[in-house]
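Protein chains in written order, with our numbering: chain A, 804 to 1238; chain B, -18 to 243.
Backbone N, C-alpha and C fix where the C-beta goes; we use that ideal spot for every residue, glycine too.
The structure appears below as structure tokens.
Rendered as structure tokens:
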């Protein structure tokens, strides 16, 4: 069976040659079919919609992306540089296709599974079924629907009840081919009392123009602890639209750190839902962009149950004629009493042409809650600059140091030391004016 | 220590300073020779801090008249960083917090920058660590302050010690200490004052801007100046500070007005 004709030529191109999988797991086929239906029905978002008001994806819709061809994959030496030394278990996908020869999952303790979805569906279908394509809503998001109907494979991490994965797991999605679209997918399930650290990483080899439409789902069981780093460092010609949906059970703790460095246009949607009482979330973000980049971060912190806590710090460092967008929605549902939530949006503009749109959005339907938010947009603090100059530092050196410090606040909290070091160097290299 | 033959470190002539368009300093004359300690006292709002900040080159403090020579050169022609490299140091009344910049990194950067400008030897992180710990001992400072962000979350007293630590590291020829005594308890005051005295020497000058006399028990001034309405209206020796402590500022003002009227 081939796909029905899409209404929008852009979506039509993305679905061209799409075939509904035969055989395999029936519940998954059903979800893919439903997603296909939605992909055909949903309109391509425009700036007329509130959720996309500041993010014009017209340049993306003008390109007719095809599927990646089967080509020789990059040698391990070229890929190794992107793998954090701590991440002894890692999964590498090249243009959306799992690359077993570039991946490693040996030596994991009992109760920790790190593999690709196709393999996991044979052994862990009962664990996957309640979560896969259940948390990320393809019903209303075009790009989630596109990803879900294309879902063939992906990364799968499962931590059994009360088990801990001792080292971070890195999932590296590499893009290598110009003019192609890929649909990276990841599912992380931490059962009750389990703990793990995940690094989700997007990299382009070369300056190819490609499109990444990614979906990640995270399910944290009762009292589970998940630390999640998302690193988007694709090339400056790439388009990247990603959704991460995290579902937290009672007393679960989820820490998310999103670092956005790459892509011509990027959009990161992060939806965190506290399905159980007493869940805790930290949502940090840093967008470091310049040139003509556009980086949009939309987060939803959904306090659906009582006694939840959330802390959010989102920072943007914007240079050149780049444009950063932040929309942080905090939802406190009826009955979610004793919610304790704080959101901060801090933005640093490094040039006259740089711009940022930041919007806190609080929807509170409970009366006994603590919710704070704050946003600042500006240049460097002049008192700080003067203080440093009064100690002999040049204007440029003082500004460089303060800019670096601004980004370091988010980076220093990443749970993987080698990434902290690497990203600090990136911030230095990208923000430091010549002295 | 007064020596009539000593070099003039700082020569201020008719200095006027505006803040947000309002003239706060209305004509200050002050000469500081090498080896001397000057205290600039006066009631709140008399222009003491504005005078100090203008000397350091704060961009919000606009010099609207007069001249300042530092070691024979035009100080006002230099940007703040070059004033610091030339040997001028301002101890801030309210030291600025800089989250995300490690104190140890900041101190070393400042030290090496100033050393390089003066043709001195720069220190690598290990050498500097030894050097700064020595200086911290003299100020009774916990080395833990090296691993924290600059002034971030420091108490008032800790911030002031950190200022004097910077002074000790940068080894200025002229230190202007703006209300360094405020926010210090008596023990901290003694430690900070001892720190200042150690840095002071025959070739150097100190200007203490202060509201109270108590710091002058530890750092004995050669001259005491009273500032009011943006100018110096009386100058005396160290005994003037004690008199001000006992009698307040009003009598100086009255005396000045009577003189002006005459």
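{"Item": "Per-residue contacts from residue 1118/A into chain B (C-beta, under 9 Å)", "Value": "In chain order: nothing, as chain B lies at least about 11 Å away."}
{"Item": "Residue 929/A versus residue 1108/A: straight-line alpha-carbon distance, rounded", "Value": "26 Å"}
{"Item": "For residue 106/B, the first and last residue of its enclosing alpha helix (DSSP H)", "Value": "106 to 119"}
{"Item": "Inter-stretch contact at 8 Å, needing at least 3 Cβ pairs: the region 1025 to 1044 of chain A / the region 997 to 1013 of chain A", "Value": "yes"}
{"Item": "Cutoff 8 Å: residue 77/B Cβ touching any chain A Cβ", "Value": "yes"}
{"Item": "Cα-Cα separation, residue 825/A to residue 983/A", "Value": "24 Å"}
{"Item": "Buried or exposed (CB count within 10 angstroms, at least 16 for buried), residue 835/A", "Value": "buried"}
{"Item": "Simplified DSSP state of residue 969/A, which is helix, strand or coil", "Value": "coil"}
{"Item": "Residue 1242/A versus residue 1189/A - alpha carbon distance", "Value": "Any answer about residue 1242/A is impossible in this case: the structure gives chain A only from 804 up to 1238."}
{"Item": "Proximal residues of chain B, C-beta to C-beta of residue 1187/A below 7 Å", "Value": "77 and 79"}
{"Item": "Where residue 1187/A falls: helix, strand or coil (DSSP)", "Value": "helix"}
{"Item": "Whole runs of the beta strand (DSSP E) within the region 1129 to 1204 of chain A, excluding any shorter than 3 residues", "Value": "1143 to 1152, 1158 to 1167 and 1173 to 1181"}
{"Item": "Contacting positions in the region 34 to 50 of chain B - beta carbon closer than 7 Å to chain A", "Value": "37, 39 and 40"}
{"Item": "Residue-level contact to chain B via CB, residue 1240/A, 8 Å cutoff", "Value": "Past the edges of chain A, shown from 804 to 1238, lies residue 1240/A, and the structure says nothing about it."}
{"Item": "CB contact check: residue 1195/A to chain B, cutoff 8 Å", "Value": "yes"}
{"Item": "Residue nearest to residue 144/B in terms of C-alpha spacing, selected from 120/B, 16/B and 59/B", "Value": "120/B"}
{"Item": "Interface flag, residue 808/A vs chain B, CB-CB below 8 Å", "Value": "Unreliable positioning characterises residue 808/A in this predicted model, as indicated by a pLDDT of 45, which lies under 50. A coordinate reading is not provided."}
{"Item": "Proximal residues to residue 184/B (C-beta, below 6 Å), its chain only, five neighbours per side dropped", "Value": "15"}
{"Item": "Interface partners of residue 147/B on chain A, CB under 7 Å", "Value": "1194"}
{"Item": "Partner residues on chain A for residue 317/B, Cβ-Cβ distance less than 8 Å", "Value": "An answer regarding residue 317/B cannot be provided, because it is not within the stretch -18 to 243 covered by chain B."}
{"Item": "Cβ-Cβ distance between residue 1106/A and residue 1139/A below 8 Å", "Value": "yes"}
{"Item": "Complete runs of the beta strand (DSSP E) confined to the region 1056 to 1096 of chain A [at least 3 residues]", "Value": "1056 to 1063, 1068 to 1077 and 1083 to 1092"}
{"Item": "Bridge partners - residue 1104/A, DSSP secondary structure assignment", "Value": "1075/A and 1133/A"}
{"Item": "8 Å Cβ cutoff, residue 1212/A in contact with chain B", "Value": "yes"}
{"Item": "Cβ distance (whole Å) where residue -18/B is taken to contact residue 203/B below 8 Å", "Value": "7 Å"}
{"Item": "Segment limits, beta strand (DSSP E) that includes residue 83/B", "Value": "79 to 83"}
{"Item": "Spatially closest choice to residue 1050/A from 1015/A, 1104/A, 1011/A and 1065/A, by CA coordinates", "Value": "1104/A"}
{"Item": "Exposure label - residue 3/B; buried when at least 16 CB within 10 Å", "Value": "exposed"}
{"Item": "Short-range partners of chain A found in the region 89 to 113 of chain B, where Cβ spacing is below 8 Å", "Value": "90, 91, 94, 95 and 98"}
{"Item": "Counterpart residues of residue 919/A in DSSP-defined beta bridges", "Value": "958/A"}
{"Item": "DSSP-derived helix/strand/coil call for residue 163/B", "Value": "coil"}
{"Item": "Close Cβ partners of residue 42/B (< 7 Å) along its chain, the five nearest in sequence each way excluded", "Value": "-2, 0, 31, 34 and 35"}
{"Item": "Within-8 Å CB hit, residue 1209/A to chain B", "Value": "yes"}
{"Item": "Range of the contiguous beta strand (DSSP E) that encloses residue 5/B", "Value": "3 to 14"}
{"Item": "Residue 906/A - containing beta strand (DSSP E), residue span", "Value": "Counting along the chain, residue 906/A falls outside any beta strand (DSSP E), and DSSP gives it neither H nor E."}
{"Item": "Buried/exposed call for residue 168/B, threshold 16 Cβ in 10 Å", "Value": "exposed"}
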